[in-house]
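The next block holds one structure in the form of structure tokens; read it before the comments.
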Amino acid sequence: NTAFDYYSGSVVVDANNTAGFKTGTYAPMVALFTNHNKVTSLDAPAISSSNDYLTDYTNFYLYNSGSPIMATANGFRDPSVFWDAANNQWVMAIAANATNKTVQFYSSTNLKTWKALNSFGPLGSKENWWECPDLIQLPVDGDPSNKKWVLFCSSSTKVQYFLGTFDGLSGFAVDPTCDSYLRNGTGIQGVLFANFETTGYTGWTTTGTAFGSGPASGNQIGRASCRE
Numbered sequence: 242n243t244a245f246d247y248y249s250g251s252v253v254v255d256a257n258n259t260a261g262f263k264t265g266t267y268a269p270m271v272a273l274f275t276n277h278n279k280v281t282s283l284d285a286p287a288i289s290s291s292n293d294y295l296t297d298y299t300n301f302y303l304y305n306s307g308s309p310i311m312a313t314a315n316g317f318r319d320p321s322v323f324w325d326a327a328n329n330q331w332v333m334a335i336a337a338n339a340t341n342k343t344v345q346f347y348s349s350t351n352l353k354t355w356k357a358l359n360s361f362g363p364l365g366s367k368e369n370w371w372e373c374p375d376l377i378q379l380p381v382d383g384d385p386s387n388k389k390w391v392l393f394c395s396s397s398t399k400v401q402y403f404l405g406t407f408d409g410l411s412g413f414a415v416d417p418t419c420d421s422y423l424r425n426g427t428g429i430q431g432v433l434f435a436n437f438e439t440t441g442y443t444g445w446t447t448t449g450t451a452f453g454s455g456p457a458s459g460n461q462i463g464r465a466s467c468r469e
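Residue numbers (our numbering): 242 to 469.
Dropping the structure here:
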């Protein structure tokens with residue numbers, strides 16, 4: 242469709258043919274991607290599907306002429322979709338418009354119609370727009386019995402992540418300790434690798450004549466001179 246540009250998103254294997262796109266023996270692949278309207282400049286998710294198993298799914302065909310499956314006055318972009326086996330549904334994490342700096346969560350049984358769960362953000366990096374979110378579950382310290390949900394989100398040239406819970410029904414909720422750390426700098430103890438709170442340069446190597454016998458302390462901090 243020449244009225245749109247197509248940007249990033251995700252592709253899933255619809256093993257149960259929930260969307261009804263299957264035409265042959267093998268499960269179809271369904272792509273959910275950003276549909277950019279060239280006239281309005283708004284972004285919204287659209288769908289295409291492929292049944293080309295024998296040619297490695299090289300050809301995808303637009304659903305509903307590429308029209309968005311969800312629309313909003315402010316725009317959505319970069320849908321990330323996965324199968325939520327616990328609730329027998331698809332889940333989508335998608336970035337809202339640049340001004341809001343939020344990630345929206347939706348659920349669906351057929352990849353075509355979506356129900357809003359909740360919205361997360363802004364938190365953490367708020368200087369630039371949010372895009373390309375992803376929600377995955379990982380074991381803590383390799384322990385499969387202790388898992389956390391991790392929400393990734395790009396912000397310009399940076400990638401930030403948030404730890405939390407996700408039940409597939411109400412959406413994503415950030416852990417209180419993670420929230421406290423990002424808002425107030427408290428609740429999570431960091432790991433100190435090295436510092437300058439010593440009398441010498443233990444663990445460090447100085448080069449040149451600009452350094453004294455140890456790091457500056459007390460009222461020396463902030464005083465410097467520059468000479469040619």
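Using N, Cα and C, we set each Cβ at its ideal position, and we do this for glycine too.
TODO: Assuming D375 and S411 form a contact by the criterion Cβ under 8 angstroms, report the distance between their Cβ atoms to the nearest whole angstrom.
DONE: Actually they do not touch by this definition, with Cβ atoms about 19 angstroms apart.
Task: Alpha carbon of I310 to alpha carbon of S349, nearest angstrom - done: 12 angstroms
Task: Residue of P385, G383, W370 and K389 minimising C-alpha distance to K399 - done: Distances from the alpha-carbon of K399 to those of P385, G383, W370 and K389 put W370 closest.
- [ ] State the beta-bridge partners of N278 as determined by DSSP.
- [x] Answer is F245.
- [ ] With DSSP as the reference, please indicate the residues paired to N359 in a beta bridge.
- [x] F346
Open item on the list: Within 8 angstroms, do at least three Cβ pairs link the region 404–423 to the region 436–455?
Closed with: no
Open item on the list: Taking 6 angstroms as the limit between beta carbons, can you name the residues of its chain near L364, skipping five residues before and five after?
Closed with: L423
Open item on the list: Considering only their Cβ atoms, is the gap separating N276 from G316 smaller than 8 angstroms?
Closed with: no
Open item on the list: Nearest by alpha-carbon distance to S484: which of I288, N300 and D246 is it?
Closed with: Outside the displayed span of the chain (242 to 469) sits residue 484, for which this structure offers no information.
Open item on the list: Taking 8 angstroms as the threshold (C-beta atoms), are K353 and I288 in contact?
Closed with: yes
Task: Any beta strand (DSSP E) of 3 or more consecutive residues that is wholly inside the region 360–440 - done: 371–381, 384–396, 399–407 and 413–415
- [ ] Kindly list the residues whose CB is nearer than 8 angstroms to the CB of T427, restricted to its own chain and excluding five residues on each side of it in sequence; keep chain order.
- [x] Counting only residues of its own chain and dropping the five nearest sequence neighbours on each side, T427 has a CB closer than 8 angstroms to the CB of S421.
Task: Coil, strand or helix - S306 by DSSP - done: helix
Task: Beta-carbon spacing of D284, P269 below 8 angstroms - done: For D284 and P269, no; Cβs fall outside 8 angstroms.
TODO: With distances taken Cα to Cα, identify the nearest neighbour of E372 among V381, A336, V271 and L404.
DONE: A336
Task: Sequence-distant residues of the same chain with beta carbon closer than 7 angstroms to F393, five excluded per side - done: P374, D375, V400 and Y402.
- [ ] With DSSP collapsed to three states, give me the class of L273.
- [x] Strand.
Open item on the list: Within 10 Å of its beta-carbon, does G362 have 16 or more other beta-carbons around it, so buried, or fewer, so exposed?
Closed with: buried
Open item on the list: For a quick check, are the C-beta atoms of N351 and T264 less than 8 angstroms apart?
Closed with: no
Task: Paired residues, beta bridge with W331 - DSSP - done: W324 and S349
Open item on the list: Using a 10 Å radius around the Cβ and a threshold of 16 neighbouring Cβ atoms, would you call S360 buried or exposed?
Closed with: exposed
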